[in-house]
Amino acid sequence: MEAEASSTPVQPPVDVEVKIVDPRTVSVNGKLYTAKHILVGVGGRPSMQIFPGIEHVIHSYAALDLPSKPEKIAIVGGGYIALEFAAIFNGLKVRSMCLFGSRKF
Numbered sequence: 001m002e003a004e005a006s007s008t009p010v011q012p013p014v015d016v017e018v019k020i021v022d023p024r025t026v027s028v029n030g031k032l033y034t035a036k037h038i039l040v041g042v043g044g045r046p047s048m049q050i051f052p053g054i055e056h057v058i059h060s061y062a063a064l065d066l067p068s069k070p071e072k073i074a075i076v077g078g079g080y081i082a083l084e085f086a087a088i089f090n091g092l093k094v095r096s097m098c099l100f101g102s103r104k105f
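Numbering-wise (full-length UniProt numbering), the sequence shown opens with residue 1 and increments by one.
So this is what it looks like as structure tokens:
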């Protein structure tokens, strides 16, 4: 019996050791790379929780692929990605608001 093909993309885990050696050098599995600027992208995917009104929500990937510029946008989250998206939309003259919860307030 032949296995059925999956339509879900599967990416193998990446197991690397990365160390920032100095402001211009990074070590990847022991091999040194130098550059004027270093950007370490650790990967990740947005997660969508189920709640009433979810049909009106888009994730960060879709936010970069909107068919037209929105008049206003609410961004849920207080981390650096949420703030970056607020800055992007603000730069596009979109009225932007960040919403986040905290036990400190």
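From the three backbone atoms N, C-alpha and C, an ideal C-beta is built for every residue, glycine too.
Under the rule that a run must span 3 or more residues, the beta strand (DSSP E) segments found entirely inside the segment 10–88 read 18–22, 25–28, 31–34 and 72–76. Looking at the DSSP output, R95 bridges to K72. Excluding its 5 nearest sequence neighbours in each direction, M97 has C-beta neighbours in its own chain below 6 angstroms: A74, listed in chain order.
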